[in-house]
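>
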Amino acid sequence: MKKSLLSLTIFLTLFLISCTKEESKVIEEPSENILFFDDFERGDLSQTENNVNYGSSTYSSVSNKVKKDGEYSLQFYYKGGSSGEDAFAEQRISYPNTGELWIKYDLYIPNNYTHRKENSASNNKFLAVYKNDYRSPGFQVNWSLSPNNTGGSNLTLHRYRNGTEQPSISPSGGLGTNFITEDDHGKWIHIMARVKAPSNENATDGVMQLWKNNVLVCNETALNMYGGIDENFMSEMYLMGWSNSGYLEDTFFYIDNLSLNYSAF
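Be aware that the sequence shown starts at -8, since it is given in the numbering used here, and climbs by one per residue.
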């Protein structure tokens, strides 16, 4: 009898452990409510989901040269040039109108990354979120990179209000200082960003938040960046973008595991 009870106890213990593990596994699975995900394993930019689509590609293409997971990632090619020459690589994406967007992806920083300081503008676009058409805002914000004078980059914010560009700012508290450094060369960094349009014209509750490797490096939650009447929403974005500093050598960035959502992941 004691033997039977012992066997039953062992069975129930193992069963409960198994159930707990299974429940943990389910909790860790990606949310089914994510708006869009692409790991680029199709080998092209044909992925579409919930009316999210890739737009124009400028020196960006799916590549198997450097990848974080699987066989492919999205490559951005910046052609090298002498001092004073700009460079350009960008991938546009459209999505349904929304007042809030969350974005996350893995970004590979090349070994030869050097953010040079030019006599003219030296800032480089990093991530832009806006209402189409980009040329005539509407709601429009972006994160850019500025040189930190040691070859790395600091993070800066740019925003429009009622169609007028506002002065650029740095993340408060010095959070965006040394956003990219030599320690990042040849490595993947994890990026997550949140953009939320303000509630009305007079409100200062616009949000721009950005995390690097799960560390908050931009936490602006009181921004005056109203898009205008019937313009206060976002419907497009682009990854990377124009480089005012340019690069001395050909420079390649890679993005993998891109996700978009209307709320926190």
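Cβ atoms here follow ideal geometry from the backbone N, Cα and C, with glycine treated the same way.
Less than 8 Å between C-beta atoms, sequence neighbours within five positions excluded: which residues of the same chain meet that for Ser48?
Same-chain partners within the cutoff: Leu36, Glu81, Gln82, Arg83.
> Starting from Tyr229 and walking both ways along the beta strand (DSSP E), at which residues does that stretch end?
Looking at the DSSP string, the run of the beta strand (DSSP E) that includes Tyr229 is 225 to 234.
> Between Phe224 and Lys95, which are expected to be in contact by the criterion C-beta below 8 Å, what is the C-beta distance as a whole number of angstroms?
Not confirmed; about 21 Å, so no contact.
> With a 10 Å radius around its C-beta and 16 neighbouring C-beta atoms as the bar for buried, classify Val211 as buried or exposed.
Correcting the residue type first, residue 211 is Glu in the shown sequence and not Val. The residue is buried, with at least 16 neighbouring Cβ atoms inside 10 Å.
> Quick check: what's the CA-CA separation for Ser159 versus Leu214?
Cα-Cα distance, rounded: 12 Å.
> Using the C-alpha atoms, what's the distance from Gly61 back to Arg33?
Each residue's alpha carbon lies about 10 Å from the other.
> Excluding the 5 residues flanking Phe244 on each side, which residues of the same chain have their C-beta closer than 8 Å to its C-beta?
Contacts found: Gln66, Phe67, Tyr69, Ala80, Leu98, Tyr99, Ile100, Pro101, Met231.
> Would the segment 135 to 154 count as touching the segment 171 to 180 if we require 3 or more Cβ pairs under 8 Å?
Judged by Cβ distances under 8 Å, the segment 135 to 154 makes contact with the segment 171 to 180, as three or more pairs qualify.
> Could you tell me the boundaries of the beta strand (DSSP E) in which Thr49 lies?
Here the beta strand (DSSP E) through Thr49 covers 44 to 49.
> Would you call the segment 128 to 138 and the segment 110 to 119 touching, i.e. three or more CB-CB distances under 8 Å?
Judged by Cβ distances under 8 Å, the segment 128 to 138 makes contact with the segment 110 to 119, as three or more pairs qualify.
> Which stretch, first to last residue, makes up the beta strand (DSSP E) that contains Val57?
Premise fails: Val57 is in no beta strand (DSSP E) and is neither H nor E.
> Once you ignore the five residues that flank Ser161 on each side, which residues in its own chain have a CB closer than 6 Å to its CB?
Thr147, Gly167.
> For Thr242, count neighbouring Cβ atoms within 10 angstroms of its own Cβ and tell me buried if that reaches 16, exposed if not.
The residue is buried, with at least 16 neighbouring Cβ atoms inside 10 Å.
> Specify the secondary structure class of Gly219 as computed by DSSP and reduced to three states.
Gly219 falls in the coil class under three-state DSSP.
> Which one or two residues does DSSP pair with Ile246 in a beta bridge?
DSSP, once it has assigned bridges, lists Leu65, Leu98 as partnering Ile246.
> Under 8 Å by Cβ, that's how I've got Tyr238 and Ala112 pegged, so tell me the actual separation to the nearest angstrom.
Between Ala112 and Tyr238 the Cβ distance is about 15 Å, and since that is not below 8 Å, they are no contact.
> Could you work out which residue in Ser226, Glu227, His181, Thr195 is closest to Asn205 when comparing CA atoms only?
Among Ser226, Glu227, His181, Thr195, the Cα nearest to that of Asn205 is on His181.
> Met216 and Arg126 - do their beta-carbons sit closer together than 8 Å?
Cβ atoms of Arg126 and Met216: not closer than 8 Å.
> Which residues mark the beginning and the end of the beta strand (DSSP E) in which Ser135 is found?
First-last of the beta strand (DSSP E) with Ser135: 131 to 138.
> Tell me the start and end of each unbroken beta strand (DSSP E) in the segment 108 to 191 that is at least 3 residues and wholly inside, in chain order.
Counting only runs of 3 or more, we get 115 to 121, 131 to 138, 144 to 152, 178 to 187.
> Just how far apart, CA to CA, sit Thr105 and Lys203?
Spanning the two alpha carbons is a distance of roughly 19 Å.
> State the Cα-Cα distance for the pair Thr155 and Ser190, rounded to the nearest angstrom.
Straight-line Cα distance between these residues: approximately 18 Å.
> Beta-carbon within less than 8 Å of Asn109's beta-carbon, same chain only, minus the 5 sequence neighbours each way: which residues are those?
Note that residue 109 corresponds to Glu in the displayed sequence, not to Asn. Ser74, Gly75, Asn235, Ser236, Gly237.
> Closer than 6 Å by C-beta to Trp233: which residues in its own chain qualify, once you throw out the five before and the five after it? Chain order, please.
These residues qualify, in order along the chain: Phe79, Lys116.
> Quick check on Asp221: buried or exposed, where buried means 16 or more other Cβ atoms within 10 Å of its Cβ?
Its Cβ having fewer than 16 others within 10 Å, Asp221 is exposed.
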